[in-house]
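Novice: If you're matching positions, the sequence shown starts at 1 in the UniProt record's numbering and goes up one per residue.
Where is the CB? At the ideal position from N, CA and C, for every residue including glycine.
First the structure, then my questions, so here it is.
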Amino acid sequence: MSAKTHTHGSNRDRQNQLETRVVFKGVLDNPYRIHWPSVPLNLQNLVLAQTISLLDGVSEYQHVKSQHSRKRKREERVKTRPGKKAKVDDSNQAAMPGPAASDSSSKIQVDTVVPPIPEIFSFLVTGINAITKRLETLVKARREGLDEPLPGLRLVLVCRADINPPMLIDHLPHLVAAYNSTTPVDPILLISLPQGAEQTLAGLFGVRRVAAMGFVRNAPGLSTLLSTLTSAPVLTAAWLSTQVAISELKRSTSIIPTHIKQLRTTAPKDMKAAKEQRAAALAPRKKGKRRMKRKQGLTMLLTYDLCGPVSNISSMFISIIGTRSSGCSSAQDYLVSVKEFSCIRLVSSGDLPLDSNAVKHRSFLSLDATPLPSPAPYYATEASPISKEDSVASALTFKTPEDILDYVTRNWRSNFVTTDLLTYKEIQVFVKRPFFLLLSLDAPLLARYRRLNSNVSLQSFIAEDDEYRFGKGGPSLNATADWVTLRVINDFPSLSAFHAHLEELDLLDSSHLRPDWDMYFMTLASLASQRSNCMKRRVGAILVRDKRIVSTGYNGTPRGVRNCNDGGCPRCNSGSEAFGDNDGCVCLHAEENALLEAGKERVGKGSVLYCNTCPCLKCTVKIIQTGVESVVYNLSYKVDAASSNLFAEAGVQLRKFDPSAGRSQTLALA
């Protein structure tokens, strides 16, 4: 069968048809589509000839009827709107003799006589819409078990070759098959007519076109026409039947053959040039999208809140390391299933050979490629939200750490997690990224051994664990200790308790990647305390104004005096309280040092003093006098209550910093 073509205009028309060529594409047809019955061309011509003979007299009837209708309308117009011509005709008719007038009247009477309606005319249904409505009515009545409200059709003739577009009649085979599937008696035959039949039938009916025509049962002469169609196929479909038993349907089940449609379409003559032209047209649009993404990224960075905790970092790449059976895989599954992280896998390939030590260490952590069984008792208490097989199947795989780094950097708005970065060399390339977090997991040795639940002896397990922790000429877990952001001791009895602890840690909190201002300045204060030379305690202080460091200080002897730890302060080195509280001590306190370094002019509105130890009473008085508005401390001192009351009376805010939570808490003023 030749391919169906559409010749009507559409929005796919090209202005220059010389640049395209006609191509045919094979498309898999719908298996539930009812195809048109295959009727030979000679049989189509025979059906058309017999149909013309059946319609004998219809042409004359339609011609006279149309003439009578036009003449009647013309006479009605003349009567309602008499003109000059009508008056002349009346005068002429009055002057004419009697016989002539009688002849004229008789002529008019003969012309207005309409021949009787041909008998076949009342058994015809013409037009696509009329046939469609008749078939829908019949199918609905059959399916509801009602009597047919209209006479049933027996034969439907369609000028398929003349109808454009073909989609106007694509529904007819389905309707005919639906009707035939309800009853095996007197099925409807659907026959296609040869090309040109539409104009032939239109001439018989005296109209512009006749696309389809249906014959009702018991139409005169229909039996002769049906006798020539004994070999015509009857359209039916088992899935359209409503009365077939299920057992019978199973017994008559057959494989539907595959049909490939050939669709005619157009394609550029020079496909390569067309692709290049399309790429050149899309290039400015892609460039604009990239520029917009960069602008959005810069806008996000510029609108970063400097006065509060970091909350605008859009992504996080978490690498999990830890000892065997410490729960690394469980932590990864938690992030993938609960926090919607994307799993990343580092796989070996022929282009990237891995040494035996690295492969062995990778087996320790992932528990996916190891021949030893997984820790069944630990994971059997509660089902993991996502299985290892699903996690691995949906993971993004890369050959080198550099490939992972490039991918996560380009997709910095997404969250990723992996358990495959284990060695110092693999992790080193990621430390420079601000969105990288290294999570370390560990658990008591015996608890990890019980979780393993394998035939491995405890001695072998300890030996392998020591090799992984400390290494023997190869990479070790301790080598990456300085890069660890968070450490978790997984001694929880169940998986739900472990997940609850991870939820409490809030791994997505961006302060894990970049500390807030309190954590930042308190860390600097603790670092400054390392310069202290006082024999009693190390204290450091940072004076800040508008988020900028004004001065630093730590406790110790004054400039030019021997250090306290070298014997410069007799009181601190004596270890006794003979001199009273601070009598005889020559050491400057950290707060004093910071205030003296800054001076009164540089301490003003918005100044904050960070100190790793709560100020004493003497330092409290000096802090108040210099105009510091807020004091943040970490460690308590023996006069905290007295200092707090004094700060409250002076209107200075006192906050205690909690390093475990990473934030400070304002104390209630007494």
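When the Cα atoms are used, what is the spatial distance from residue 709 to S511?
Specialist: Residue 709 lies beyond the range of the chain shown here (1 to 670); nothing can be said about it.
Novice: Please report how far the alpha carbon of D442 lies from the alpha carbon of W517, in whole angstroms.
Specialist: As a working mapping, residue 442 is identified with position 442 in the sequence shown. As a working mapping, residue 517 is identified with position 517 in the sequence shown. Whole-angstrom Cα-Cα distance: 30 Å.
Novice: So, helix, strand or coil for L150, using DSSP?
Specialist: Stepping through the sequence shown from its first residue, residue 150 is reached at position 150. It is coil, neither helix nor strand.
Novice: On a Cα-Cα basis, can you pick out the residue from D658, W36 and Y633 that is closest to D170?
Specialist: Here residue 170 refers to the residue found at position 170 when the sequence shown is read from its first residue. Comparing Cα-Cα distances from D170 to each of D658, W36 and Y633, the minimum goes to W36.
Novice: Quick one: measure Cβ to Cβ for D491 and A463, integer angstroms, because I've assumed they're closer than 8 Å.
Specialist: Here residue 491 refers to the residue found at position 491 of the sequence shown. Here residue 463 refers to the residue found at position 463 of the sequence shown. D491 to A463, Cβ: 22 Å. No contact.
Novice: Between the alpha carbons of D420 and G584, how many angstroms are there, rounded?
Specialist: Position 420 of the sequence shown, counted from the start, is the residue given in the question as residue 420. Position 584 of the sequence shown, counted from the start, is the residue given in the question as residue 584. Their Cα atoms are separated by approximately 60 Å.
Novice: For the 8 Å Cβ check, are there 3 or more pairs between the stretch 614–634 and the stretch 587–606?
Specialist: Cβ pair count under 8 Å is three or more, so yes.
Novice: In this structure, how does DSSP classify P220 when only helix, strand and coil are distinguished?
Specialist: Numbered from its first residue, the sequence shown carries residue 220 at position 220. DSSP places P220 in coil when its eight states are reduced to three.
Novice: Which residues in the same chain have their Cβ closer than 8 Å to the Cβ of R562, if we skip the five residues on either side of it in sequence?
Specialist: Taking the first residue of the sequence shown as position 1, residue 562 is located at position 562. Excluding positions up to five away in sequence, the list reads G568.
Novice: Buried or exposed: where does A578 fall if 16 or more other Cβ atoms within 10 Å of its Cβ makes it buried?
Specialist: Here residue 578 is taken as the residue at index 578 of the sequence shown, counted from 1. Unreliable positioning characterises A578 in this predicted model, as indicated by a pLDDT of 46, which lies under 50. A coordinate reading is not provided.
Novice: Under DSSP, the beta strand (DSSP E) around D658 begins and ends at which residues?
Specialist: Residue mapping note: residue 658 aligns to position 658 of the sequence shown, counting from 1. Unbroken beta strand (DSSP E) run through D658: Q653 to D658.
Novice: When the Cα of G322 is compared with those of R209, L172 and V484, which residue comes out closest?
Specialist: By one-based count along the sequence shown, residue 322 stands at place 322. Taking only the C-alpha atoms, the option nearest G322 is V484.
Novice: In angstroms with no decimal places, state the Cα-to-Cα distance between F215 and G206.
Specialist: Translated into positions along the sequence shown, residue 215 becomes position 215. Translated into positions along the sequence shown, residue 206 becomes position 206. Roughly 19 Å separates the two Cα atoms.
Novice: Only counting the same chain, and skipping five residues up and downstream in sequence, which positions put a Cβ closer than 6 Å to that of V139?
Specialist: Here residue 139 refers to the residue found at position 139 when the sequence shown is read from its first residue. The residues are A178 and Y179.
Novice: Mark G327 as exposed unless 16 or more other C-beta atoms lie within 10 angstroms of its C-beta, in which case mark it buried.
Specialist: The residue given as residue 327 occupies position 327 in the sequence shown. So G327 ends up on the buried side.
Novice: Taking 7 Å as the line, does the beta carbon of D186 fall inside it for any heavy atom of the ligand FAD?
Specialist: For the ligand FAD, the structure offers nothing, since it holds no ligand at all.
Novice: Compute the Euclidean distance between the alpha carbons of N42 and P187, then round it to the nearest angstrom.
Specialist: As a first step, residue 42 is located in the sequence shown; it is residue number 42 there, counting from the start. As a first step, residue 187 is located in the sequence shown; it is residue number 187 there, counting from the start. The alpha-carbon atoms of N42 and P187 are separated by roughly 23 Å.
Novice: Is the stretch 604–618 touching the stretch 627–641 in the sense that three or more CB pairs, one from each, lie closer than 8 Å?
Specialist: Output reads yes: the stretch 604–618 touches the stretch 627–641.
Novice: Curious, which full-length alpha helix (DSSP H) runs of at least 4 residues does the stretch 407–460 contain?
Specialist: Runs of the alpha helix (DSSP H) inside the stretch 407–460: 424–428 and 445–452.
Novice: Can you find the residues in the same chain that come closer than 7 Å, C-beta to C-beta, to F416, ignoring five residues on each side of it along the sequence?
Specialist: The count along the sequence shown starts at 1 and reaches residue 416 at position 416. Closer than 7 Å at the Cβ level, and outside the excluded window around F416, lie F317, F341, S342, I344 and V408.
Novice: Are the CB atoms of V23 and T266 nearer to each other than 8 Å?
Specialist: As a working mapping, residue 23 is identified with position 23 in the sequence shown. As a working mapping, residue 266 is identified with position 266 in the sequence shown. The answer is yes: Cβ separation under 8 Å.
Novice: Please tell me whether residue 671 and P401 are closer than 8 Å, where the distance is taken between their beta carbons.
Specialist: In this structure the chain extends from 1 to 670, so residue 671 is not present and cannot be described.
Novice: Have a look at E76 and S69 and give me their C-alpha separation to the nearest angstrom.
Specialist: One-based indexing of the sequence shown puts residue 76 at position 76. One-based indexing of the sequence shown puts residue 69 at position 69. Answer to the nearest angstrom: the Cα atoms are 11 Å apart.
Novice: If I'm right that R545 touches S607 with Cβ under 8 Å, what's the distance once you round it to whole angstroms?
Specialist: Along the sequence shown, read from residue 1 onward, the residue named residue 545 stands at position 545. Along the sequence shown, read from residue 1 onward, the residue named residue 607 stands at position 607. Correct: roughly 4 Å between the Cβ atoms.
Novice: According to DSSP, G556 sits in a beta bridge with which residue or residues?
Specialist: As a working mapping, residue 556 is identified with position 556 in the sequence shown. Answer is L588.
Novice: Reducing DSSP to helix, strand and coil, say where S325 ends up.
Specialist: Residue mapping note: residue 325 aligns to position 325 of the sequence shown, counting from 1. Three-state result, S325: coil.
Novice: Taking the continuous alpha helix (DSSP H) assigned at V47, which residues delimit it?
Specialist: Within the sequence shown, residue 47 is the residue found at index 47, counting from 1. Per DSSP, V47 belongs to the alpha helix (DSSP H) from L41 to L54.
Novice: Whose C-alpha, out of P165, V185 and L153, is nearest the C-alpha of L175?
Specialist: Your numbering for residue 175 matches position 175 in the sequence shown. Of the listed residues, the one whose Cα sits closest to L175 is L153.
Novice: Can you list, in chain order, the residues of its chain whose CB lies under 7 Å from that of T183, leaving out five sequence neighbours each side?
Specialist: Your numbering for residue 183 matches position 183 in the sequence shown. Around T183: R142.
Novice: Shortest alpha-carbon distance to T258 belongs to which of R33, Y424, G196 and K425?
Specialist: Your numbering for residue 258 matches position 258 in the sequence shown. For T258, the nearest C-alpha among the options comes from R33.
Novice: Answer with buried or exposed for F657, where buried requires no fewer than 16 other C-beta atoms within 10 angstroms of its C-beta.
Specialist: Locating residue 657 in the sequence shown gives position 657, where the first residue counts as 1. Classification of F657: buried, given that the 10 Å Cβ count is 16 or more.
Novice: Is G288 helix, strand or coil when you go by DSSP?
Specialist: In the sequence shown, the residue the question calls residue 288 occupies position 288. Correct three-state label for G288: helix.
Novice: Closer than 8 Å by C-beta to I386: which residues in its own chain qualify, once you throw out the five before and the five after it? Chain order, please.
Specialist: Translated into positions along the sequence shown, residue 386 becomes position 386. Confidence at I386 is low in this model, with a pLDDT of 43, below 50, so the placement of that residue should be treated as unreliable; the coordinate-derived value is given next. The residues are D333, V336 and S337.
Novice: Quick one: grab the DSSP three-state call for G203.
Specialist: Position 203 of the sequence shown, counting from 1, holds the residue named residue 203. G203 falls in the helix class under three-state DSSP.
Novice: Which residues share a DSSP beta bridge with M213?
Specialist: For the purposes of this step, residue 213 is taken as the residue at position 213 of the sequence shown. M213 is bridged to T126 and L157.
Novice: Indicate the three-state DSSP secondary structure (helix, strand or coil) for R143 in the structure shown.
Specialist: Residue numbering aside, residue 143 sits at position 143 when the sequence shown is read from its first letter. Looking at R143 - three-state DSSP - the assignment turns out to be helix.
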